[in-house]
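Notes for the one structure printed next.
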Ligand SMILES: [Fe+2]
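Shown next, in the form of structure tokens:
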């Protein structure tokens, strides 16, 4: 636990004083307690000290973790206990119930501003960007400058150089990447936040880039540190109930396994969206539907999920085929649909950060992969895990505005990858795969739908009937094949 807290604080650029560590570890929920202390501070400290802990007064409106009596006395404030039990899923971040956006220009400005601030904070901790200056001032210096900006525009000059424009709260600045600089080959996408090390051009009207810095996730050698959890989590994306290409036999094989061997192995099962095929999602879809009523589709899914053994905790998210708002972040399903299902199922939005058995998981349906494939050289639908790496590198699930991923401008940008997950899962592209990226387990969670005529037309070959499973104690992952 000490390592986990140190890791989390290191991600935020905060050190932990040894005496403070002892106080934190004496609480029932050290991680939750540390987060509450940090959340109560107006300014992020460089070092979290015992004095900070002693001075912490939990807000009556914010549930505080359970701590020993000695600390109660030190804090002298009201506490409402929250405990994470081993068999629970703790939702850390989800738009469900928190949506405030009206979609006006102020909402968009606020959301982009939040994105910029969050990712800038990550970049500002990078030693390569120490002493960075504002974008507006960058051309004023006759020395190497470092700055952080959001990409406004990317174009190629007639001489083959790359010219981008970056922006921060105070101004804009053109940045030239000469064609012989290796970073000229890098795919820079609109609205991503980047760090730039460069020098003002002779004319003083632009910065010439030497180095491009991405926020990325910190390198964690070896991935998940082993814990004493004996639980496993499985991911089952893109079920597409209602489609005439729904794969009943592989589904039945999988369900038979879950009811026999699987029920002892799996404790958590996540469905990351496109749980039904939907209605009117693409032209001519009615030709491909076996169930042409949206309520009947969800009813059919509810029946299928009734077979999941009771000991397995189910979590369900929406995707772009589901009957929720298409703009991301997507709140969960409306009550009338949720009420069709067993009350033990946890319905959440998309994306969703949650924690099980002390492992942090980011589950995202993956719609933005359509935009990533078009924007980043070398990406295609057959290597979605590479697309997921691009998201982690930029610490954003869908930075490109105006593509196929519609954006709902909430008061904060829910698509920023502000916490480094242990597991990052996506579906949508109907591929299946597992890999590691800088210590994060990446999962592409297959589908239970065969190749559709649309996919055949685009020469896209899905990889259906696979069930990726991660052991939450060892971090080891495997893929079961029921196709
Ligand atoms: Fe899908």
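In the working numbering, the protein residues as written are 5 to 487.
Ideal Cβ positions, reconstructed from N, Cα and C, are used throughout, including at glycine.
What separation, rounded to the nearest whole angstrom, lies between the Cα atoms of residue i and residue j?
i, j, result
"residue 254", "residue 436", "15 Å"
"residue 212", "residue 131", "20 Å"
"residue 334", "residue 439", "26 Å"
"residue 64", "residue 40", "With a pLDDT of only 45 at residue 64, under 50, the local geometry of the prediction cannot be trusted, and no value is derived from it."
"residue 391", "residue 420", "15 Å"
"residue 350", "residue 338", "13 Å"
"residue 246", "residue 323", "15 Å"
"residue 346", "residue 177", "55 Å"
"residue 80", "residue 61", "For residue 80, the pLDDT reaches just 34, beneath the cut-off of 50, and the residue's location in the model is therefore unreliable, although a value from the coordinates is still provided. Rounded to whole angstroms, residue 80 to residue 61 spans 7 Å at the Cα level."
"residue 260", "residue 119", "44 Å"
"residue 126", "residue 297", "46 Å"
"residue 473", "residue 483", "6 Å"
"residue 51", "residue 24", "10 Å"
"residue 85", "residue 171", "Low confidence applies here, because residue 85 scores a pLDDT of 32, under 50, leaving its location unreliable and the question unanswered by this model."
"residue 304", "residue 295", "9 Å"
"residue 44", "residue 289", "50 Å"
"residue 424", "residue 364", "8 Å"
"residue 12", "residue 98", "20 Å"
"residue 250", "residue 308", "12 Å"
"residue 204", "residue 214", "11 Å"
"residue 306", "residue 486", "21 Å"
"residue 82", "residue 389", "Reliability fails at residue 82, whose pLDDT of 31 lies under 50, so the model's placement of it is uncertain and the value that follows must be treated cautiously. Going by the C-alpha atoms only, they are around 46 Å apart."
List the endpoints of the continuous beta strand (DSSP E) containing residue i.
i, result
"residue 153", "148 to 160"
"residue 430", "427 to 430"
"residue 249", "No beta strand (DSSP E) holds residue 249; DSSP gives it neither H nor E."
"residue 436", "436 to 441"
"residue 273", "272 to 276"
"residue 215", "211 to 217"
"residue 461", "First-last for residue 461: 457 to 461, but that is the alpha helix (DSSP H), not the beta strand (DSSP E)."
"residue 96", "93 to 97"
"residue 388", "Per DSSP, residue 388 belongs to no beta strand (DSSP E); it is in the alpha helix (DSSP H), 388 to 398."
"residue 363", "363 to 368"
"residue 142", "Element bounds for residue 142: n/a, residue is neither H nor E."
"residue 484", "481 to 485"
How is the alpha helix (DSSP H) around residue i delimited, first residue to last?
i, result
"residue 298", "298 to 309"
"residue 57", "54 to 59"
"residue 109", "109 to 128"
"residue 187", "From DSSP, residue 187 is part of no alpha helix (DSSP H); its letter is neither H nor E."
"residue 39", "34 to 43"
"residue 342", "339 to 342"
Measure from the alpha carbon of residue i to the alpha carbon of each residue in the options, then state which is nearest.
i, options, result
"residue 104", "414, 281, 300 and 400", "414"
"residue 180", "147, 202, 193 and 172", "202"
"residue 101", "346, 400, 356 and 469", "356"
"residue 227", "219, 8, 448 and 243", "8"
"residue 275", "248, 244, 269 and 286", "244"
"residue 26", "56, 300 and 442", "56"
"residue 466", "447, 433 and 476", "433"
"residue 470", "455, 462, 449 and 477", "449"
"residue 221", "462, 455, 427 and 360", "427"
"residue 92", "58, 214 and 237", "237"
"residue 320", "159, 291, 354 and 311", "354"
"residue 455", "194, 32, 133 and 292", "292"
"residue 397", "207, 263 and 441", "441"
"residue 142", "272, 207, 387 and 463", "207"
"residue 283", "301, 271 and 269", "301"
"residue 174", "204, 224, 117 and 162", "117"
"residue 343", "185, 417 and 299", "299"
"residue 475", "58, 195, 264 and 360", "360"
"residue 20", "256, 204, 38 and 33", "38"
"residue 32", "272, 42 and 5", "5"
"residue 489", "140, 262, 430 and 184", "Outside the modelled stretch of the chain, which goes from 5 to 487, sits residue 489, for which no answer is possible."
"residue 96", "418, 377 and 341", "418"
"residue 406", "35, 122, 191 and 195", "195"
"residue 468", "225, 252, 161 and 186", "252"
"residue 266", "133, 447, 316 and 383", "316"
Relative to ligand 1, is the shortest distance from any of its heavy atoms to the C-beta of residue i smaller than 7 Å?
i, result
"residue 242", "yes"
"residue 323", "yes"
"residue 475", "no"
"residue 278", "yes"
"residue 451", "yes"
"residue 462", "no"
"residue 131", "no"
"residue 434", "yes"
How many whole angstroms separate the CB atoms of residue i and residue j, which I take to be in contact at a CB cut-off of 8 Å?
i, j, result
"residue 152", "residue 197", "7 Å"
"residue 278", "residue 326", "7 Å"
"residue 402", "residue 445", "Not really, about 21 Å apart at Cβ, beyond 8 Å."
"residue 107", "residue 412", "7 Å"
"residue 451", "residue 281", "No, residue 451 and residue 281 are not in contact; Cβ-Cβ is about 11 Å, not under 8 Å."
"residue 231", "residue 362", "6 Å"
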